[in-house]
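Visitor: These protein sequences, in sequence, are chains X and R. With the working numbering, letter number 96 in the first sequence gets 123, and the count goes up by one each step, no holes. With the working numbering, letter number 145 in the second sequence gets 139, and the count goes up by one each step, no holes.
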Amino acid sequence: MEKTKKLFSANIREISLVIVIILISAFVQVRSGGGFLTGENITDMLLETSVLAITAVGMMMVILTGGIDLSIGAVMALGAMAGTTVLKNSVLSENPVSNIWIVLIAVGVGLICGLINGLLISKLKILPIIATLGMMNIYRGITYLIANGSWVKQAEMGPKFLSLATGKTLGIYNLLLIAIIVYLVAFFFSEYTKTGRKIYAVGNSEESARVSGIKTDRIITLAYVILGGIAGLGGILYVCKYGVAQGETGTGYEMNVIAACVLGGVSISGGKGKVAGVLLGAILLGMLNNAMPLIQVSSFWQEAIRGGIILVSIVINALIARNVEKKDLRRRSI
Amino acid sequence: MAKDFERQAVSADGTRTIIANRGFSSKRFFLQWEWMLVLMLVAVNIFNISSSSNYANARGILNATRDFIDKAIVVFPMAFVLMLGEIDISVASIMALSATIMGIVFEATGNMFIAIIAALLTGVICGLINGSILAKFPELSSMIVTLSTQIIFRGIAQIILETRSIGGFPSWFGNIASGKVGLVPYGLIFVVAEAVFFAYLLHMTKFGRRTIAMGNSVTVAKYSGIKTNKIKVIIFTVVGLFSAIAGIYLSSKMSSVRSDVARGYELDIIAMVVLGGISTSGGRGRILGTSLAILVIGYLRYGLGLINATSQIIMIVVGLLLIIAVAIPNLKNSLGQIKILK
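(1) In its own chain, which residues sit with a C-beta less than 8 Å from the C-beta of Tyr269 of chain X, not counting the 5 before and 5 after it?
(2) Name the residue from R:Gly313, R:Leu269, R:Val268 and R:Ala240 whose alpha carbon lies nearest to the alpha carbon of Thr94 of chain R.
(3) For the segment 288 to 361 of chain X, which segments carrying the alpha helix (DSSP H) assignment without a break, of at least 4 residues, lie completely within its bounds, in sequence order?
(4) Less than 8 Å separating the beta-carbons of Ile153 of chain R and Asn164 of chain X?
(5) Using DSSP with H/G/I as helix, E/B as strand and the rest coil, what is Tyr259 of chain R?
(6) Identify whether Pro179 of chain R lies in helix, strand or coil by the three-state DSSP scheme.
(7) How big is the Cα-Cα spacing for Lys354 of chain X and Asn344 of chain X?
(8) Please report how far the alpha carbon of Asn105 of chain R lies from the alpha carbon of Ile153 of chain X, in whole angstroms.
(9) Let me know the secondary structure DSSP gives Ala303 of chain R once reduced to three states.
(10) Could you pull out every residue in the same chain whose Cβ sits closer than 6 Å to the Cβ of Ala86 of chain R, ignoring the five residues on either side in sequence?
(11) Quick one: list the residues of chain X neighbouring Gly241 of chain R, beta-carbon separation under 7 Å, in chain order.
(12) DSSP three-state call for Ile95 of chain R: helix, strand or coil?
(13) Whole angstroms are fine: how far does the CA of Leu314 of chain R sit from the CA of Arg349 of chain X?
(14) Assuming Met87 of chain X and Cys288 of chain X are in contact, meaning their beta carbons sit under 8 Å apart, how far apart are those beta carbons, in whole angstroms?
(15) Residues in the segment 264 to 298 of chain R with C-beta within 9 Å of chain X's C-beta atoms, listed in sequence order?
(16) Using the beta-carbon of each residue, which ones in chain X are nearer than 7 Å to Leu134 of chain R?
(17) Have a look at Val45 of chain X and Val209 of chain X and give me their C-alpha separation to the nearest angstrom.
(18) Between the Cα of Val312 of chain R and those of X:Thr159, X:Val252 and X:Ala174, spot the shortest distance and give me the residue it belongs to.
(19) Kindly indicate which residue of R:Ser47, R:Thr284, R:Phe62 and R:Val232 has the alpha-carbon position closest to the one of Leu31 of chain R.
(20) Measuring only between beta-carbons, confirm whether Ser296 of chain X sits less than 8 Å from chain R.
(21) Roughly how many angstroms lie between the CA atoms of Val118 of chain X and Val130 of chain X, to the nearest whole one?
(22) If we cut at 8 Å on Cβ distances, does Ala113 of chain R have a partner in chain X?
(23) Phe191 of chain R: which of R:Leu298, R:Phe41 and R:Phe70 sits nearest, CA to CA?
(24) By Cβ distance below 8 Å, which residues in the same chain neighbour Ile291 of chain R in space, the five residues on each side in sequence not counted?
(25) Would you please verify whether the beta carbon of Val233 of chain R is less than 8 Å from any beta carbon of chain X?
(26) So, at 7 Å on beta carbons, what are the nonlocal neighbours of Met208 of chain R in its own chain, with the 5 sequence-adjacent residues on each side left out?
(27) Please state the DSSP three-state secondary structure of Ile139 of chain X.
(28) Would you tell me roughly how many angstroms separate the C-alpha atoms of Thr213 of chain R and Ser275 of chain R, rounded to the nearest one?
(29) Any contact between the segment 250 to 259 of chain X and the segment 302 to 315 of chain X? By contact I mean 3 or more CB pairs, one from each, below 8 Å.
(30) Under a Cβ-count criterion, where at least 16 other Cβ atoms within 10 Å of its own Cβ denotes burial, should Lys195 of chain X be classed as buried or exposed?
(31) With a cut-off of 8 Å, does the C-beta of Tyr171 of chain X fall near any C-beta of chain R?
(32) Report yes if the CB atom of Val293 of chain X is closer than 8 Å to the CB atom of Val305 of chain X, and no otherwise.
(33) Anything in chain R within Cβ reach of Asn164 of chain X, meaning under 7 Å, just list it in chain order.
(34) Nearest to Ile160 of chain R by CA position, among R:Met96, R:Asn169, R:Thr205 and R:Gly202, is which residue?
(35) For Met103 of chain X, which of X:Ile336, X:Ala272, X:Ala286 and X:Leu73 has the nearest alpha-carbon?
(36) So, is Ser5 of chain R buried or exposed, given that buried needs 16 or more other C-beta atoms within 10 angstroms?
As structure tokens, this is what we get:
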């Protein structure tokens, strides 16, 4: 009994997220006349959510260190644009580069962007929000320059590349499979590796982490590099799914990603957050995006509703945290 | 010279004396960040003069200010926010929402005065919302709160206007942006008055000193009896009010209102404040530097427009400028630390 109680209170956030997800699905299912929880729509929703979920787990690493990365949407676009431009030229010369290289190019570009962000923040001590706000513009500007005013369209990508998003391996959609792999790796990394635990330590208190011998600069840089790589991967999958790469790809996507983390219970002040929570947060957000059109919410309302949900959830998070603190204090006094 | 001054004071009776007036040092005087900004401003203007023959006269230089007055209006209150060690990303959305409210109130009543008052009220309410949330929940970072209110405010503007635009304002309203006293645009006069007011507020009043104290340490400020929550709410509300004014100015300039105006303005506004030498971690900076930084970024953007640089290039340049502006003082600090360690 005591044990289950402990397990419950340790995972209260994840459990309440699951409950919210169930409640919303039930509500939407009734309101949409049963069009929501069909096999087809659920697959659709999972595919839509997978890119968001992948990128959110990268953002979690950065937020865990107490930072933030506003440039993620721009990095996604830059990685995707670099990858698809190479692809387009190779398709035009009728010798398409294999998918793995395209993905590697995007991830490589993302890693470089992440490294720049990380060094600016850890070595030059620029506030993460300012550094990434500035770099966001630079990356976005470079993306526009590469795009040169044109789009990379579906036809120019070739069927082989597009099958990366639509195809299946072992009966599972590739996108889902990639998301699952990313989550398994992230879970193992954050819970069971030394480096992963160091990220939490740095987020809880950079000073104590440094005093206890952790090379904090390296850990912080690493977090941004991981996010950069994941953003590159997410970007190429995003354009593969939607079949078009353009300068504006992923504009404002950073808000979705940060929102998924915040909904998933990752504390913006760093050090707190779980991979499972982020996954649930991403699913909740993806579900809302999918459900709103289904129950005829006008597209003009969607932005305000999304913002409202984020604000309410961070306020509730803060209230929960206060409550937990109060309970802890009471327990100590007895 | 300054060093001698200090040493004598310490050795006089063997006790430590803190001297407020360190005497004049020409080295320190010329090492101020503001000189760097003056140099940048001169360089930018030389660049502009060389790229357009119509620029190098009073009319050209003054007219160019119209390009960035809408942003400049919000810069000074934003400097106060950064001085607190906080940030407000929702300013551009507040501009859009107050312009939108002004538009629909004008459409409904046909009275421009009521519409303008409604816009100002909207700005105040938006700022009050930001400030109250942050005061009620000091553990939430201002960045995440204003990021979400940014979406909400813009979202409300979208709900109201959808893809419509509202125009047909009376002609005197258009005059707000295009009118001039002699050669000087009204907007510029407003911004200069604003700069003087905010400089006085920051450097000469109790309120300003308290703001700086809060930026250095909220906890210390609180324990020394400063009503930190009150100051926070006031500053965020003032930011809202001035964002509304900027929104009105912008609508006057474009003679119409849409829900997607001023997208991305927050970057330029924050870049101007940061380039002006206001420390992003709070507690340091001067209004003079901020005023110079407005001119540097404003004229730079204008000049890049003159040579038909694409907006992409301008994005990259502003981004680089922001990073460099923050990196230089930090580099100086870390170099200084190395010296001390030696």
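C-beta: ideal position from N, C-alpha, C; glycine also.
Guide: On the basis of the supplied data:
(1) Nothing listed; no residue qualifies.
(2) Residue R:Ala240 holds the alpha-carbon nearest to the alpha-carbon of Thr94 of chain R among R:Gly313, R:Leu269, R:Val268 and R:Ala240.
(3) Every alpha helix (DSSP H) stretch that sits fully inside the segment 288 to 361 of chain X and reaches 4 residues is listed by chain position as 302 to 321 and 326 to 360.
(4) Contact check for Ile153 of chain R against Asn164 of chain X fails: the beta carbons are separated by 8 Å or more.
(5) The three-state secondary structure of Tyr259 of chain R, taken from DSSP, is helix.
(6) Looking at Pro179 of chain R - three-state DSSP - the assignment turns out to be strand.
(7) Roughly 15 Å between the two C-alpha positions.
(8) For Asn105 of chain R and Ile153 of chain X, the distance between alpha carbons rounds to 48 Å.
(9) Reduced to three states, the DSSP call for Ala303 of chain R is coil.
(10) Within the same chain, Ala256, Tyr259 and Glu260 come within 6 Å of Ala86 of chain R by CB-CB distance, once the 5 residues on both sides are set aside.
(11) By Cβ distance, chain X contributes nothing, its closest Cβ being about 18 Å from Gly241 of chain R, past 7 Å.
(12) In this structure, Ile95 of chain R counts as helix in the three-state DSSP scheme.
(13) Rounded to whole angstroms, Arg349 of chain X to Leu314 of chain R spans 40 Å at the Cα level.
(14) Your pair Met87 of chain X and Cys288 of chain X checks out as a contact, with CB atoms roughly 5 Å apart and the cut at 8 Å.
(15) Of all residues in the segment 264 to 298 of chain R, Ile264, Ala265, Val268, Thr274 and Ser275 have a Cβ within less than 9 Å of some Cβ in chain X.
(16) Chain X residues near Leu134 of chain R: Ile341 and Ala345.
(17) Computed Cα separation, rounded: 21 Å.
(18) Among X:Thr159, X:Val252 and X:Ala174, the Cα nearest to that of Val312 of chain R belongs to X:Thr159.
(19) Ranking the options by Cα distance to Leu31 of chain R, first place goes to R:Thr284.
(20) So, interface residue.
(21) Annotation: Val118 of chain X to Val130 of chain X spans about 15 Å, alpha carbon to alpha carbon.
(22) For Ala113 of chain R, the answer is no, since every Cβ of chain X falls outside 8 Å of its Cβ.
(23) Of all alpha-carbon atoms in R:Leu298, R:Phe41 and R:Phe70, the one lying nearest the alpha-carbon of Phe191 of chain R is that of R:Phe70.
(24) Result list for Ile291 of chain R: Phe62, Asp262, Ala265, Met266, Leu269, Val312 and Leu315, in chain order.
(25) It does not: the Cβ of Val233 of chain R has no partner Cβ on chain X nearer than 8 Å.
(26) Answer for Met208 of chain R: Leu78, Ala215, Ile220, Thr222 and Ile225, listed in chain order.
(27) Note: Ile139 of chain X maps to helix in three-state DSSP.
(28) If I take the Cα positions, the gap works out to 15 Å.
(29) These segments do not touch.
(30) Answer is exposed; the Cβ neighbour count stays below 16.
(31) Closer than 8 Å: yes.
(32) Yes. Within cutoff.
(33) Leu261, Met309, Ile310, Val312 and Gly313, listed in chain order.
(34) The candidate whose alpha carbon is nearest that of Ile160 of chain R is R:Met96.
(35) Nearest C-alpha to Met103 of chain X: X:Ala272.
(36) Bear in mind that a pLDDT of 46 at Ser5 of chain R, under 50, signals an unreliable position, so the model cannot answer this.
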